Structure formats: C-alpha cells, structure tokens
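Undergrad: Here you go, one structure.
There are 2 protein chains.
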Amino acid sequence: MRAGSLSAVHITVGYHEDFLGLVDNLQSWNQWFEECGDLVSKATTYMEILAANAAGKTAILFGLQNPLAIGADLARVELLSQLGIRFCQVTYNQQSLLGAGCFEAQDSGLTAFGREVVDEMNRVGMIIDLSHAGHKTAMDVVAYSTRPVAVTHANPNIWHAAPRNIHHDLLQALSDTAGMVGFSLYPHHLKSGSECSLMEFSQMATEMVEIYGNEMFGIGSDLCQDQPDSVVNWMRNGHWRKISTPPAVFPDCPVWFRDNRDFLTLADGLKAAGLPTEHVAGILGDNWMAFWQRGFVPS
Amino acid sequence: MRAGSLSAVHITVGYHEDFLGLVDNLQSWNQWFEECGDLVSKATTYMEILAANAAGKTAILFGLQNPLAIGADLARVELLSQLGIRFCQVTYNQQSLLGAGCFEAQDSGLTAFGREVVDEMNRVGMIIDLSHAGHKTAMDVVAYSTRPVAVTHANPNIWHAAPRNIHHDLLQALSDTAGMVGFSLYPHHLKSGSECSLMEFSQMATEMVEIYGNEMFGIGSDLCQDQPDSVVNWMRNGHWRKISTPPAVFPDCPVWFRDNRDFLTLADGLKAAGLPTEHVAGILGDNWMAFWQRGFVPS
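Chains Z and G, in that order, are what the protein sequence lines are.
Per the numbering used here, the very first residue in the first sequence carries number 15; after that it's consecutive.
Per the numbering used here, the very first residue in the second sequence carries number 15; after that it's consecutive.
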C-alpha cells in the first residue's frame, strides 16, 4: 500500500460473519494496527485519514460486505458505527434481511427492515454500499435513502455483462443523487477477464466519465492480495450451503494490476486514454475523499 | 393444559431471538420442566409424547416462529434439532433469509439459502411451518419441499380476509401434499374478531373439512395465555424497528375460548356444527399426532 502511494483503503471486515465473528475480525485488525503502526492506521473520519497521511501512513477504513452482523437488531447499526464500521453492503450476492443479492432468482427489493436500516445508516453516517445487490433492491435503496449511496466496487454492465456489474438505470440514479461508483479490477468484472488490457479498462473509465461526469467515479479494486483460495470459497459459500461444486479459485490479476503497487500504473493508463489530469486525480482518490468527507458525518 | 386434557402443545421458543437469545429461552424451559415435572415434559419424538401422556402429563414440543437462530449457518438446523426444536417457520411477518413474510410489500419467494434450509429440515425431520409467510413464499416451499409442510396456525382467507390467513391455492397445495393446517383462535384471525361465535368458528372448520378433507386440519390456537402486552410488542417489533406507533395490546379472547381449559368446549362446538365424532377427534388432536409421527423422523 505504501509503495502504491495509497492514502486510504476501504477494507472488508466481514462477509458471512455474524456479530461475534465480526468482533473476532476487529480484534485481529487491532492487533495488526499495533504491529504495523508505522505503515497503517485505522480511520473513522475524514480528519483521521488526513492525520494518517500526514504521518506517512495509509488510512484503513472498515467496511462490511454483508449486514449479517446487524442481525435483526436495528440498534446494532449505531453500535457497529461506534466500532468504526463506515460502509455496509445491503447484501452479499444472496438474500439478506435488507434486500436481495444479484444472484437471487427473484429480487425482493428493499424490505421493511431494510428501510429501517437505511434510515439508521443515514442518521449515523454509515455509507450504504450497493455492491452485490440485485438491481431492483439497489434502485429501491437509491430512491429511499435521503443521503447519497455508493456501489463501491463494480463496472458498467454495458461494458462487461456480469451479474455483479451494474446497469445504466442504476448509474444514472447514482449520478442524479451525488452517489459514487468504484471501478473494479477484479477479473470477473473486467471485459476479457484476466486478459483485459489497461487501455480497455482506461477507455471504459474515460467513457463513463463522459456520460455520467467525473465526480461520481473512483477505484474499488476488489483486490484480494495474497489471500489463499480458502477466502474466495468463504466469500462464495460462507456457511449457508454445503459445498458440492469444485472449490473456487481466485482468478489471475491482470498483468498491469498485480497488487497495491500498481495503483500508479492505473494513473498512467487513464492519462494514456486521454482523461484530463484533474479527472485522473478525481478517480484515483479525490472523489472518494470528497464523498467520505460528507458521508462519514452523522446527519 | 391439564384441565383442558391437552396431550401435546407446540409452544414458541423464539420470535426475534438470535441463537444466544434462543439458548436463554431454552434454559428457562429446562427450569420450568424441572419445577413443573408433574404436569409437563419436553417431547422431541412421537414416543415421548405417548410416554408423557401415559404419565398423566402434557407433552411440550418446541417450535420457532422465526429462523433467526439459524442465522446464515446451514449447520445450525441440525444443531437446533438436537436441542429439541421440531418446528421452524420460514419467517415471521417480514423478510427472513429464507423467504418473505405476509406483511412485506413484495414477496421474494423462497431464496437460495431458503432452499438449502428446506433440504436440511427435510433431512433431519424438522417440520417447516408456513405461518406468517407470504403467499408466494409459502407456495414455493410446498412445491420445493420433499416432505409435507404445515401452516400451524391460521384460518382460511375466504372466511376472514386477514394478511395472516391463507388462500385457497395454498390450502389446495397442502391438501395435495399431505400437509397440515391448524385452525387459529387468535381474534385477529377470526371473523368478527373477539366477537366471533363458537358456531361461526365451528361451521368454518366443518366447511373446510368438506372441501379439503378431514385429515389435514387440527388446532393451532395461537393462545398467549396470561402473557403481558410486552410480549405482543416483542412479537410485532422485535428489535428490528423503533416503536413509534402506540404500543400493541393483546385482543380479548372469545368468551368460549378463554384459555387452555376451553379445548373441551371446542369439541362441543364442532359436534354442534354437525362434524362427525371421528372428525372432531381428528381436528382436536389425532391429525396432528399422525402428522408428527411421520414428520419428526429423519429422512
């Protein structure tokens, strides 16, 4: 992260963990902050990001890819915020108590409890993340939320038609409501997968800026650097099904984005695709920073 | 219960409790069994019901009105079975991870995780209870389950159009698959509410037997005897929403069904409505006993 000049990283503290599983993960992060305090520090506010950067460190922001740690308890939202959680997905691929995932055959839309949770996330200043949600659920959330929401890691479906990528209607709704989208570098979200070229990716990003404007885009790398394949199997299956299919494996990263060191390569690619310098800076971090500065504040 | 000659009662051990909340409730039940061992005993098999009855006791069967204690962990189904849980609802009024409740604006149907849980409940011999489910979710479950399922407490929607009561399509599907329905005595499920007469109720039951056959009906009283109004507020709201509406209160019971002692009054009413004696015995308990004898056995 330091070699890639990263100011701040939104990391995942839970996929299928319940509340106690999340607590275990947070305890591990506390230990890592203690051990690696010269490189990274936890941030829960915009000012803490700036402070980390001033000290030569990368700020670490906590996000949940699944609301399971909330359980069916609305008061958990504020408590999770107090533990430093700054992003929470409405669901992860399948149905949650809040809404449907992009791999469900039917899309429930935002549920009654989901509306309560969105209200509470709006109140405490936790960013609602629509990555992995179903299209109808995502559209419902954008319409219902009183504050801008994000799809932290996905690409446009028109560029690469994957269940995880997002449709024009959602991109337009996010553009209309000051929302954010992080372009994903996970091979399954890329045209031609691991073979996708830097120019193809950068041209897609440049075209999206032309359609929806620069301010709503950033990077949401979905990078699983040095994680073993057991992690992708946890991501896919959690404990919610018996694994009868062959174990999943992580796809190969594109050669131009091997790990965190290659964020600077992205800047070169975007420039080569013709994106103006100030927009490159926006996508590489300034847009997320502005979004977080507003989003992390309680209403 | 003893004054009402009850052989067995399916009681609720959890509404909105998570796993640890359920464990607390089960510990309370263990204490009550210890304290009241001359009157009731826990039963998890058909033979244990018979043994309780032979000893002059009412058998207590554990059921969950909400699958929250399963969390997102498929292996919890068997563990809950080992703790004695013999019934579990797909959901309670709102969306669960398995399917939609009858008060959701949109019905997700049975979810991907829901299908896994139905498979597992089929395997271990836990009865799937569709009370409080949405219509589409309920129909999906009947179609998907390889074993008969139940609506333990509800009445026909055609008799009293309440969201909790059930439609002909579901009654027919249950009839076609050897399912069961328990007629409810909760005033909100009764025509004319607390003012419903014993004859009105008994005529409804008699008509249902004429249409769908005797074997699929029993009693699911939904009786909340001597429970304070805090319980109905827990049932309605759990911890999933902030209570801004006036607190809920339990409705008055019909004068002919004040509590467990009035089960014998039900038998008189059904006879007076013209139901043959052997069908009265079926509805008052024999049908549930036959269903449980088959349903509690692992497949």
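Don't be surprised by glycine CBs; every beta carbon is placed ideally from N, CA and C.
Just so you know, these numbers come straight off a predicted model, no measurement behind them.
1. Closest to H174/Z by C-alpha separation, out of T160/Z, V163/Z, F197/Z, would be which residue?
2. By the 10 Å Cβ neighbour count, where 16 or more other Cβ atoms means buried, how is S95/Z classified, buried or exposed?
3. From the beta carbon of Q239/Z, is the nearest beta carbon of chain G less than 8 Å away?
4. Distance, Cα to Cα, W43/Z vs T105/Z?
5. Return the first residue and the last residue of the beta strand (DSSP E) that F76/Z is part of.
6. Would you say G85/G reaches chain Z, if we count a Cβ-Cβ gap shorter than 8 Å as a contact?
7. If I measure Cβ to Cβ from G139/Z and keep anything under 6 Å in the same chain, skipping five residues before and after, which residues do I get?
8. Given a threshold of 16 other Cβ atoms within 10 Å of its Cβ, counted over all protein chains shown, does G234/G qualify as buried or as exposed?
9. For the pair the stretch 51-70 of chain Z and the stretch 294-308 of chain Z, tell me if three or more CB-CB distances fall below 8 Å.
10. Given 8 Å as the limit, is there contact between the stretch 284-293 of chain Z and the stretch 206-224 of chain Z, that is, 3 or more CB pairs closer than that?
11. Can M213/G and G283/G be called in contact, C-beta distance under 8 Å?
12. Since C102/G sits in a beta bridge, which residues does DSSP pair it with?
13. Do we get a CB-CB distance below 8 Å when we pair S122/G with the residues of chain Z?
14. Considering only DSSP beta bridges, list what T26/G is partnered with.
15. Is Q109/G buried or exposed, if buried means 16 or more other CB atoms sit within 10 Å of its CB?
16. Excluding the 5 residues preceding and the 5 following K285/G in the sequence, name in chain order all residues of the same chain whose CB lies nearer than 8 Å to its CB.
17. Contact between the stretch 17-31 of chain G and the stretch 245-254 of chain Z: three or more CB pairs below 8 Å?
18. Just to confirm, is the Cβ distance from D190/G to G148/G under 8 Å?
19. Going along the chain, which residues of its own chain have a beta-carbon closer than 8 Å to the beta-carbon of A68/Z, five neighbours each way excluded?
20. Taking the straight line between their C-alpha atoms, what separation do you get for A65/G and I74/G?
21. Spatial neighbours of Y29/G within its chain, please: C-beta separation below 8 Å, excluding the five flanking residues on both sides.
22. With H, G and I counted as helix, E and B as strand and the rest as coil, what does DSSP make of A164/Z?
23. So with CB distances below 7 Å, who are the chain Z contacts of A114/G?
24. Would you list the one or two residues that DSSP bridges to G18/Z?
25. Exposed or buried, P261/Z, counting other C-beta atoms within 10 Å across all chains shown (16 or more means buried)?
26. Compare the C-beta of L280/G with all C-beta atoms of chain Z and state if any pair is closer than 8 Å.
27. For chain G, find out if any of its Cβ atoms is closer than 8 Å to the Cβ of G139/Z; answer yes or no.
28. Short check: CB of D32/G to CB of A89/G, under 8 Å?
29. Ordered along the chain, which non-local residues of its own chain (more than five positions away) have a Cβ less than 7 Å from that of C116/Z?
30. Let's test the definition: count the other Cβ atoms within 10 Å of the Cβ of C50/G and tell me whether it reaches 16, buried, or not, exposed.
31. Excluding sequence positions up to five away, which residues of its chain have a Cβ less than 7 Å from the Cβ of G296/Z?
32. Excluding the five sequence neighbours on either side, which residues of its own chain have a C-beta within less than 6 Å of the C-beta of A152/Z, listed in chain order?
33. At the 8 Å Cβ level, is S95/G part of the contact set with chain Z, yes or no?
34. Helix, strand or coil: which one does DSSP assign to F264/Z?
35. With a threshold of 8 Å between beta carbons, is W306/G in contact with chain Z?
36. Go through its chain and collect everything with a Cβ distance to R161/G's Cβ below 6 Å, but skip five positions before and after it.
TA: Once the coordinates are examined:
1. F197/Z
2. buried
3. no
4. 23 Å
5. 72-78
6. yes
7. Contacts found: F310, V311, P312.
8. Label assigned to G234/G: buried.
9. yes
10. yes
11. yes
12. L78/G, I142/G
13. By this cut-off, S122/G is an interface position.
14. According to DSSP, which records beta bridges pairwise, T26/G is partnered with G77/G.
15. buried
16. T291, V294
17. no
18. no
19. none
20. 12 Å
21. Q79, N80, Y106, W248, M249, G252
22. For A164/Z, the three-state secondary structure derived from DSSP is strand.
23. Listed along chain Z are S122, each with a C-beta nearer than 7 Å to that of A114/G.
24. In DSSP, G18/Z forms no bridge with anything.
25. The C-beta of P261/Z has fewer than 16 other C-beta atoms within 10 Å across all chains shown, which makes the residue exposed.
26. no
27. Cβ-Cβ to chain G under 8 Å: no for G139/Z.
28. no
29. N107, H146, A147, G148, P177, R178
30. exposed
31. N228, E229
32. L144, L184
33. no
34. coil
35. no
36. N136
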